[in-house]
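S.K.: Please find one structure pasted underneath; my questions will follow.
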């Protein structure tokens, strides 16, 4: 049986509008940076690898926190796993808080959507900072990574399927596990995004393509209706109330 472990790799202090488009301006919140570990299949799978060193991230982006116990290698060690034992690392998207620490996984297959990698390498100038794209002059982990590119939905193995869900970025992908749980890193970063409010059924995060994110939301709705799928956001402390999901 596949199990999904949410691992808390630190936290980020952000304006809430960064997670809920066109609302909640000026409200500061602290959110977790969750790395997902999937055990029980033919290989160990990690979904996303969090942000880089707090000192560098605060210089380039926003204030972040990470204790020694929240280092990815330590989180894996607590489960008696070394990074070299991880077969596949799935990167949901290439924003700075989801794809650092790839140097830990030199033996792993690192999977990203083709459209995501292409755009991150040469984005519009006002998106470049969020990717730490080469045009910024910054040296980000992912620049040296050897990616396995997929184009659309892709089955890693029985029970784990990648779904192309363009939303927060053009090549954002979510991870469907056991046809029961959908890891939705920045498609649905908070449970609040999905439950919505009196005005909006689902509150999107900041998005690159409004029609695309609306279609991705419809896709999630369909999964919920047909298979009773539950979402697992990557920036909500409520996810950490459970040790694992299966």
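Residue numbers (my numbering): 5 to 250. By construction, the Cβ of each residue, glycine as well, lies at the ideal position given by its N, Cα and C atoms. As the structure is a prediction and not an experimental result, all values here were calculated from the model.
1) Tell me whether residue 92 sits in a helix, a strand or coil according to DSSP, three-state version.
2) Please list the terminal residues of the continuous beta strand (DSSP E) segment that includes residue 15.
3) Assuming residue 175 and residue 238 make a contact with CB atoms under 8 Å, what is their CB distance in whole Å?
4) Provide the residue span of the beta strand (DSSP E) that contains residue 250, from first to last.
5) Hey, how far is the Cα of residue 99 from the Cα of residue 135?
6) Is the beta carbon of residue 42 closer than 8 Å to that of residue 181?
7) For residue 158, list the residues DSSP reports as bridge partners.
8) What three-state label does DSSP hand residue 123 in the structure shown?
9) What do you reckon, are the CB atoms on residue 76 and residue 13 nearer than 8 Å?
10) Mapping DSSP to helix, strand and coil, what is residue 53?
11) Let's see if you can read the secondary structure: which residues bound the beta strand (DSSP E) around residue 40?
12) Rounded to the nearest angstrom, what separates residue 156 and residue 94 at their Cα positions?
M.R.: Once the coordinates are examined:
1) Residue 92 sits in a strand when the DSSP states are folded into three classes.
2) Unbroken beta strand (DSSP E) run through residue 15: 7–19.
3) Wrong, their Cβ atoms sit about 16 Å apart, outside the cutoff.
4) Run containing residue 250: none; DSSP gives neither H nor E here.
5) Whole-angstrom Cα-Cα distance: 5 Å.
6) Taking the C-beta atoms as reference points, residue 42 is found nearer than 8 Å to residue 181.
7) Answer is 166, bridged to residue 158.
8) Three-state result, residue 123: helix.
9) Yes.
10) Shown here, residue 53 sits in coil according to DSSP, grouped into three states, outside any helix or strand.
11) Counting along the chain, residue 40 sits inside the beta strand (DSSP E) bounded by residues 32–43.
12) Between residue 156 and residue 94, the C-alpha separation is close to 14 Å.
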